[in-house]
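Protein chains in written order, with my numbering: chain W, -11 to 309; chain Y, 2 to 380. All residues carry an ideal CB built from backbone N, CA and C; glycine is no exception.
Next comes the structure, spelled out in structure tokens:
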């Protein structure tokens, strides 16, 4: 699109036939419209439906909430349904400490896992970016390879590894490192292991792409100016990889907050996370309105800080130019 | 050969047997796997010298610089700086700074932060840093760009920031890797002189790596011609040009004509050479060459005179035909095909605006030169 804008401003375009320009404008406009249509149909409209359900009341019916907002009673019936909508479910969320605790634990678990993933992922990405150019595609392939197996199966596999009589404990016992099996399964540790393992590629890939772009002579220049290697890392490498760090952290943090499968399979029944709470409300209690309210709050919880952050970044970039 | 000295008349420590060497490469070899980048090379550089390493890309000149900076360690031999063996000293503890070919400016820091970077590492107090940075900005005339980021500067400005950053710490030696390589021709010529002035002003030792012979000739006190990891000749620009030590050097620096033949007759100080087709020339030659042995006489184009008639008093005059003429404004370059088939390049300064009866394509012409206008090469 920027192309079009530039050529439009140029004097040479006046020679172009009007129709060609119009067609070109249409095609390029279509190209940007498609993702917006996608977002509209598969994100915005579903979100509006969920939001509407969150304002409804639970009912023993099919679907299990009222009002349904349909045209069975004509257009007036559709509009009169609006009067029954209320924020009761949101009030309810503040009254039961369970939800608040679940939100807080989820955010804390997601934050800790994100930091752990970063700690594990950074050396991997750095090693890949510094590897000889010929083997980099292979390394990249290895990072994506786990995606070829079902996520669920891979998380199940961790049960076999982490359980008291599992592979890890057998190994440690046979090496006489421990005398008693470690209890890892059904603890928060297992959740951390599961999240770090599952989301590592999402951390490594953006980190790799920002580290790979970095000119290694910058490190040499820093050393040349009297900077020991560790200091050079913190003053040059890390600040320059920050876009990758941020992208990777967001890609891990956001899905980790709402994660359901990992806490359910590895964390046992005691762990309290919002994804599990939501699942319970929806399937065990069949309370669609409350679970919808939980989902809406979760979304706001994630989206608002990200948007604020992006705005701040855009402003910083603007200042730079 | 007293006229072939340094341009700085009072500066020629390499001729002084008592002068203390500042940087010494002693039998340095550097191998990367099977590839020998630097082969048993020895070199001496003096304090306050502007020293150029000149060679084609891949000849090992950058490896020499990187070994001096500490990014590479020699496989064998040693490097001394001011008498101290540099082996094992990491780059961040060496009193040398480098200006990188890519400039390697830190993109996330402003110009002044870039310049202050090395000073901060040193632990210099903040007010002193501020003073030094201001001084450096003034030196490279970038005062009003202090707050800019590197990507907001032009190529020439970036080059000057890189230069300011590398001299800010007042290193004992400044290493410059193709310092002007990324600039366009006009800017490059201007900057050459700025570099020389800067070196004089700061009194530092400069070691510059370049593949541009003009840059080396303009800026350096001495030039080392490097080929395949070995030094072919180390001499002042004038010596390298007027008295090249080998065919390689003669070809590498400037244009040259080579007369190949056999020694016909040898007098006290001159030698008569017979070419392949029988043409004879007489040249000054102090080397001991036996009659009948192969010999090469190298002569620069501007030392050859081109005339339409045979010059009466010339010792050496050969006849041919004008094959090509190129008018360059300040001078004209002739390619003359001699009657024995050899093509001679000769250039004439266009001292007058209008020449009567100028030589042109297919004209008969004579080339003439003095016996001492070129050198005999044995290598």
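Of the choices the options, whose alpha-carbon is the least far from that of residue i?
i              : options                           : result
residue 188(W) : 106(W), 163(W), 176(W) and 138(W) : 106(W)
residue 72(Y)  : 104(Y), 88(Y) and 126(Y)          : 88(Y)
residue 114(Y) : 234(W), 224(W), 260(W) and 254(W) : 224(W)
residue 320(W) : 29(W), 281(W), 289(W) and 111(W)  : Nothing in the structure corresponds to residue 320(W), since chain W is present only between -11 and 309.
residue 365(Y) : 226(Y), 316(Y), 303(Y) and 308(Y) : 308(Y)
residue 328(Y) : 247(Y), 360(Y) and 93(Y)          : 360(Y)
residue 176(W) : 114(W), 101(W) and 239(W)         : 101(W)
residue 243(Y) : 258(Y), 59(Y) and 231(Y)          : 258(Y)
residue 265(W) : 166(W), 92(W) and 119(W)          : 92(W)
residue 332(Y) : 318(Y), 351(Y) and 324(Y)         : 351(Y)
residue 56(Y)  : 133(Y), 326(Y), 153(Y) and 253(Y) : 253(Y)
residue 153(W) : 195(W), 170(W) and 143(W)         : 170(W)
residue 356(Y) : 378(Y), 330(Y) and 245(Y)         : 330(Y)
residue 223(Y) : 237(Y), 231(Y) and 233(Y)         : 237(Y)
Short of 7 Å in beta carbon distance, which residues of its chain neighbour residue i, apart from the five on each side in sequence? Order them along the chain.
i             : result
residue 52(W) : 46, 274 and 276
residue 67(Y) : 73
Let me check one thing: in DSSP terms, what residues is residue i bridge-paired to?
i              : result
residue 55(Y)  : 211(Y) and 226(Y)
residue 366(Y) : 321(Y)
residue 234(Y) : 226(Y)
residue 282(Y) : 274(Y)
residue 338(Y) : 322(Y) and 344(Y)
residue 103(Y) : Residue 103(Y) is not bridged to any residue.
Which same chain residues end up closer than 6 Å to residue i when comparing Cβ atoms and leaving out the 5 residues on each side of it in sequence?
i              : result
residue 78(Y)  : 27, 28, 29 and 30
residue 81(Y)  : 25
residue 316(Y) : 283 and 372
residue 304(W) : none
residue 200(Y) : 51 and 207
Identify the contact partners of residue i in chain C, using a Cβ-Cβ distance below 9 Å as the criterion.
i              : result
residue 205(W) : As a matter of chain content, chain C is missing from the structure shown, whose protein chains are W and Y.
State the Cα-Cα distance for the pair residue i and residue j, rounded to the nearest angstrom.
i              : j              : result
residue 344(Y) : residue 372(Y) : 19 Å
residue 130(W) : residue 197(W) : 15 Å
residue 267(Y) : residue 12(Y)  : 38 Å
residue 208(W) : residue 123(Y) : 16 Å
residue 76(W)  : residue 279(W) : 13 Å
residue 155(Y) : residue 139(Y) : 17 Å
residue 272(W) : residue 248(W) : 15 Å
residue 346(Y) : residue 320(Y) : 13 Å
residue 127(Y) : residue 241(Y) : 47 Å
residue 375(Y) : residue 302(Y) : 10 Å
residue 14(W)  : residue 104(Y) : 44 Å
residue 89(W)  : residue 157(W) : 32 Å
residue 338(Y) : residue 353(Y) : 26 Å
residue 288(Y) : residue 370(Y) : 20 Å
residue 119(Y) : residue 206(Y) : 19 Å
residue 298(W) : residue 43(W)  : 30 Å
residue 265(Y) : residue 296(Y) : 10 Å
residue 180(Y) : residue 240(W) : 44 Å
residue 276(Y) : residue 69(Y)  : 47 Å
residue 134(Y) : residue 249(Y) : 44 Å
residue 291(W) : residue 17(W)  : 27 Å
residue 218(W) : residue 200(W) : 19 Å
residue 306(Y) : residue 218(Y) : 24 Å
residue 216(W) : residue 93(Y)  : 6 Å
residue 323(Y) : residue 49(Y)  : 48 Å
residue 39(Y)  : residue 191(W) : 42 Å
residue 311(Y) : residue 318(Y) : 7 Å
residue 189(Y) : residue 281(Y) : 43 Å
residue 296(W) : residue 237(W) : 16 Å
residue 210(Y) : residue 184(Y) : 15 Å
Does residue i pass the burial test, meaning 16 or more other C-beta atoms within 10 Å, or should it be called exposed?
i              : result
residue 368(Y) : buried
residue -1(W)  : Low per-residue confidence applies at residue -1(W): pLDDT is 44, beneath 50, and the placement is therefore not dependable, though the value from the model is reported in the following sentence. That one is exposed.
residue 193(Y) : buried
residue 244(W) : buried
residue 227(Y) : buried
residue 257(W) : exposed
residue 19(Y)  : exposed
residue 216(Y) : buried
residue 301(W) : exposed
residue 1(Y)   : Within the shown structure, residues of chain Y are numbered from 2 to 380, placing residue 1(Y) beyond reach of any answer.
Beta-carbon within less than 8 Å of residue i's beta-carbon, same chain only, minus the 5 sequence neighbours each way: which residues are those?
i              : result
residue 141(Y) : 161, 162, 164 and 165
residue 82(W)  : 88
residue 255(Y) : 214, 242 and 301
For the ligand GDP, any of its heavy atoms closer than 7 Å to the Cβ of residue i?
i             : result
residue 17(Y) : Summarising the ligand content, the structure contains no ligands, and the ligand GDP is consequently not present.
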